[in-house]
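One structure below.
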Amino acid sequence: MIGALQGLGLLAAAAGAGFFLAGTVGLIRFPDTTSRLHALTKADNLGLGLVVLGLLPFAGSLGAALKLLLVWGLVLLAGGTVAQMIAARVRGTEPGA
Amino acid sequence: MGGLVDWLLAALVLGAAAWTLAAPTGFAAVVGFVGFGLLVTLAWVRLGAVDVALTEAAIGAGATGVILLMAVVRLRGGAEEVSAATPGRAVMVAAGLLAGGVGLALALAVLALPDPAPGLAAAAMARRGELGLGNPVAAVLMGYRGLDTLLESVVLVFAVLAVWSMAPDRRWGGIPGPRFPRQEAGPLALLARLLLPIGLVIGIHVAWVGAEAPGGKFQGGTILAAMWVLAWVAGLVQPPAIASQAVRLALVAGPLAFLLAGFAGMALGEGFLAWPPGLAKPMILLVEAAMTLSVAAALALLVAGPPERAA
Amino acid sequence: MSAVLPYSIAAAALVALGLFGLVVQAAVLRKILAFNLLGGGVFLLFGVVARRGAGAGATADPVPQAIVITGLVVAFAATALAVVLALRMHQITGAATIAEAAEDGFPDK
Amino acid sequence: MSGTTPGGWLLVLALALPVGGMLLAFALGGRTAERIALGVLGLGTVLAGMIAAEVYAAGAPLAYRLGGWAPPLGLRLQADGLAAAMLLTAALVLLAVALFGRAAQATPPGVQEARAPFTFWTFLLALAASLAAAFLGGDLFNLFVALEMLTFAALSLACLDGRPSQFRSELRYLFFALIGSVLYLLGTALLYGAHGTLDIALLAERAGADLPTLLAAALMTAGLLAKMALFPLHLWLPPAHAGAPPAASALLSGLVVKAAFVLLLRLWIWVLPPVPAGAGAPLLAGLGAAAILVGSLIALRQERLKLLVAYSTVAQIGYLFLMLPLVLAGDPEAAARAWLGGILQAASHAFAKAAMFLSAGLVAGALGHDRVAELGGAGRAMPMAVIAFGLAGLSLMGIPPSGGFTAKWLLLTAALGTGQWWWAAVILGGGLLTGGYVYRVLAGSLTAPPAAAPRPEPPAQGPERVALALALVSVALGLVPLASFGLVQIGRPILGGAP
Amino acid sequence: MAEILLLLAIFILASAGIGLWRVLRGPERADRLMAAQLLSTGAIAVLLLLDAAAPQAGLLDTALVLALLGAFASIAFVLAARQVERP
């Protein structure tokens, strides 16, 4: 017996997984570091975001739901800032591997 | 379905390990190792060992990764030396045969382990109540095998002093590690300031829940250490001079509290490292708090390294 | 219980990979990494043992779990020390490997 | 059997005292560390003596059940004859080295705390704690933690001089030690998986000749051999031991390798069933024999005194392994002789080698170099140090009366008694080679100094006396009537009735 | 339902694994850092899905720790590298 909310949640989580795949395809297909970075940011922010949203109806308690959101927030925050950082380094004088 | 997860995960773990060995540069190898740590964390969850998963996430992937990443940017060059010292084909083949043989024997031995497996799960679960602890792993660490934990916390003090003792004589008593400029503006400075309080709360939370749920002093202490390192590299704090009395006390507080609690058990007639009934839980929590402090201090100082500057 | 087979194989293979790397890799940093892979294999083997011993309401035998936690902390301390030694050696001599140790270091006082 | 015995609290103190002392020394720092170390090591010697006396009087091992938890769930400390004898040996050598270090490792005046002295005194206590844990531990994983403590303590002591050239050999040392630890840990994982316990006494009851147990034993043995630097894994030892300051070298060569040896005995004599152990023992003894011959031959060719002494350690470690096939041969009388011989070898080598490193350090310090070919005049300038070196050399050679002689004689007669004459031949050959390198040093030091050489600075009397005292103990062990060594047999499993 | 969640976990793990291989190949350091980032996010998603499929104490905390330390490790590395690489 799956509630309507949980059904929607599953759909959202599946969409999130789709974003992960899209990110991966981007990583494989894109020719240069900067565009690969874009692909990755999508996967990070949207993929995980949709998974978190989708799982909210499954959270057993308010605390668990808050933890889910906190996880997303941390990944968003860190991912976004670090991506900027990397982009700056790529444009700048990064000596390579 | 569950089986598929496990096979996929095991394959990825091995893939990341192989990459770590074969990577073209030291940096690529370290990144491979961090990925390895993340995958192993998932493996621990699948093996039903969430306590270990937390530890692996904090120490294996987190702290070890950071130490190695910081090392790899400081270790440069040496390509010719490395290729000159790399053994020839004969040694490679011999090493491969030896390692492969050990691996094969190990796999066979694991398959030959008795079924049902002998173990202490039932005993450990049954008696944790005597310690007032819900988490059986905490009961093992603080109760049944308390001496291991006590000695391990002492090992951390050894390790810190060992790292310090690698410094040049004239730097003794000074400040560990390089100096990082204070980050006033920019996204990193903002992020560091934002992350710090969140991390502190999470670290204390993880240490605190350890009595009942997965977590504990080592995991929580590692997170706190990571937050200190973050503040350090963002230029918000300076490492303390190693001559500082406060640092020394923070490092020994945990093991010393554990030792004293052990003697308290002896004085109360229960025996060394025994927790007196009724007082077990509060005493354990007290010792755990001191241990969290010491673990955090030790790990942070291990990352910071030997003293490099005058105080 | 069926879950342990993939991890048993992975643990054994990790031990083999780590040993191989320790012998074959020349750079100190790579040796440190190989040591950590080897350690990872050993810990994973404890994980398999713990899982096999699950029961009485525990998803895995807590005793090997506690052993691994202790072991992880010790391995981290060892890694930190090895890294510091490697950095100091690099700083002073510029060396990145530990080849040829034998009789090179006994200057007159 | 695994409950707490009367006098068990002594074991707790023997471990907790150096642990607590180390923590306090670390926290308080500077000269206080030195004072704490001297006090704790003195007390530790008294405690070790009390434990030995208690074990001897009771005729049975002491045990302490930690936290009141019974094995297999809990841990226990235990002191049988082996542990008591090694604990006493370690306590005496540690105390002697501490007294020696008062001059060499004093905090310089005008400084609150200096790197080398502070590290030395703190790790002296750390080493005492690690050795106590390794000798008294009754659980294989607890012993792993002890091994790791030992690694950190030994490595830092070896690095004490902080000379740039040291880091490479210390890194090698660290890698060998770490690989050894990991292999040992791998074995404990298999043993736990197979038997559900890591308690040595319980494993002794449960372990059979099954694949996991045998592979575990093989891996753990390999790990311990790497830590003991048994031939052909010996290459890391000489540069690491010879590069340390004399006080540290004495501890590394005299004591640290013995801790791994005690673990090896626990594994082979206690845990492993007699049949597979008996089958594997000749292999180990063969490596030991190779170590004796190769180590001695290389020592003969060394040009540096400290390296010569370090290679002598490689050789003397080999003797320890000769006891295994003799103890496991199935002849109870020969087993008892070989057991005593092996432990006596471990103890007398600890005293003799510590004496040798200390006196070699004094000689090198006074002459300003340690080239074996240019030792002329050393005998005149510091007779006590040279006599100490010579007496220790007698013990290592196995010349009567000395502890080394008794040890080697016991091993020799056990070898002949069990029909394994080839080990006897190795013992004799090793003695001759040892004589060769000790003679080189003594003959060199007793010649007149070259006319142009600067007059060597005579060292302070105190350190010289310490070296001499250690050498005398090593010799005096040979004067003690054999019957009074009954202590070391207490708690040894009797393997005579092997199926 | 638990099966669907597990399936999603496998899906994400597999795609992160494939992506990992691509980025680890480089050629830039930035590519490799992205690899770690990608795997970290994937691992977090897998942990969340596993917890939803079969709730287990501590799983969410583990995900939280990964998210926190992932952020920490990236920043710490960039800052440390900046410091060391300055001439």
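Sequence order for the protein chains is A, B, C, D and E. Numbering of the first sequence is given in the working numbering, commencing with residue 1064 and proceeding in unit increments. Numbering of the second sequence is given in the working numbering, commencing with residue 4 and proceeding in unit increments. Numbering of the third sequence is given in the working numbering, commencing with residue 14 and proceeding in unit increments. Numbering of the fourth sequence is given in the working numbering, commencing with residue 10 and proceeding in unit increments. Numbering of the fifth sequence is given in the working numbering, commencing with residue 0 and proceeding in unit increments. Idealized CB from N, CA, C, for every residue including glycine. The structure displayed is predicted, hence computed values, not measured ones.
query	result
Distance between residue 167 (chain B) and residue 97 (chain C) (C-alpha atoms, nearest Å)	9 Å
Beta-ladder partner(s) of residue 148 (chain D), from DSSP	D:208
Distance CB(residue 102 (chain C))-CB(residue 74 (chain D)) smaller than 8 Å	no
Helix, strand or coil at residue 69 (chain E) [DSSP, three-state]	helix
Chain-ordered neighbours of residue 92 (chain C) on chain B, where CB pairs are closer than 8 Å	67, 70, 71
Proximal chain D residues relative to residue 289 (chain B), where beta-carbon distance stays under 8 Å	Simply none; closest approach about 17 Å.
Same chain only: Cβ atoms within 6 Å of residue 195 (chain D), ignoring 5 sequence neighbours per side	228
Proximal residues, the stretch 1114-1146 of chain A versus chain B, C-beta separation under 9 Å	1133, 1136, 1137, 1140, 1141, 1143, 1144, 1145
Inter-residue spacing [alpha-carbon to alpha-carbon] between residue 259 (chain B) and residue 29 (chain D)	7 Å
Interface flag, residue 62 (chain B) vs chain C, CB-CB below 8 Å	yes
Partners in chain A for residue 197 (chain B), counting only beta-carbon separations shorter than 8 Å	1140
C-beta contact flag for residue 207 (chain D) and residue 182 (chain D) at 8 Å	no
Chain E contact for residue 1084 (chain A) (CB, 8 Å cutoff)	yes
Partners in chain B for residue 17 (chain E), counting only beta-carbon separations shorter than 7 Å	Going along chain B, no residue has its Cβ under 7 Å from residue 17 (chain E), so there is no contact; the nearest lies around 10 Å.
C-beta contact flag for residue 12 (chain B) and residue 42 (chain E) at 8 Å	no
CB contact check: residue 194 (chain B) to chain A, cutoff 8 Å	yes
Residue span of the alpha helix (DSSP H) that contains residue 79 (chain B), given as start and end	It is not in any alpha helix (DSSP H) - residue 79 (chain B) carries neither H nor E in the DSSP assignment.
Selection from D:197, D:288, D:43 that minimises the alpha carbon distance to residue 123 (chain D)	D:43
For residue 68 (chain C), the residue or residues it bridges with in DSSP	C:71
Under 8 Å (Cβ pairs) to chain B, residues found in the stretch 113-130 of chain D	121, 122, 123, 124, 125, 127, 128
Within chain E, partners of residue 53 (chain B) - CB distance below 9 Å	55, 56, 57, 58, 60, 61
Residue 111 (chain C), DSSP secondary structure in three states	coil
Chain-ordered chain D contacts of residue 168 (chain B) [CB-CB under 7 Å]	124, 128, 165, 168
Residue 7 (chain E) to residue 14 (chain E) span [Cα, whole Å]	11 Å
Sequence-distant residues of the same chain with beta carbon closer than 6 Å to residue 87 (chain D), five excluded per side	70, 72, 147
Alpha-carbon to alpha-carbon, residue 119 (chain B) and residue 238 (chain B)	55 Å
Rounded distance between the beta-carbons of residue 223 (chain B) and residue 201 (chain B), thought under 8 Å	At roughly 14 Å, the Cβ-Cβ gap does not stay under 8 Å, so residue 201 (chain B) and residue 223 (chain B) are not in contact.
Contacts around residue 43 (chain B), its chain only, beta-carbon distance under 8 Å, and the 5 residues preceding and following it disregarded	16, 59, 63, 64
Buried versus exposed, by CB contacts within 10 Å (16 or more), residue 186 (chain B)	buried
Contact under 8 Å by Cβ, residue 16 (chain C) with residue 18 (chain B)	no
Proximity winner among D:449, D:139, D:213, D:482, relative to residue 501 (chain D) (alpha-carbon distances)	D:213
Uninterrupted alpha helix (DSSP H) stretches inside the stretch 27-101 of chain B (no shorter than 4 residues)	29-49, 53-58, 67-77, 82-88
Residue 2 (chain E) at chain A interface by Cβ criterion, 8 Å	no
Proximity test, Cβ basis, 8 Å: residue 1066 (chain A) and chain E	no
Close beta carbons around residue 25 (chain D), own chain, < 6 Å, minus the five adjacent residues each side	none
Where residue 158 (chain B) meets chain D, residues with beta-carbon distance less than 8 Å	154, 157, 158, 161
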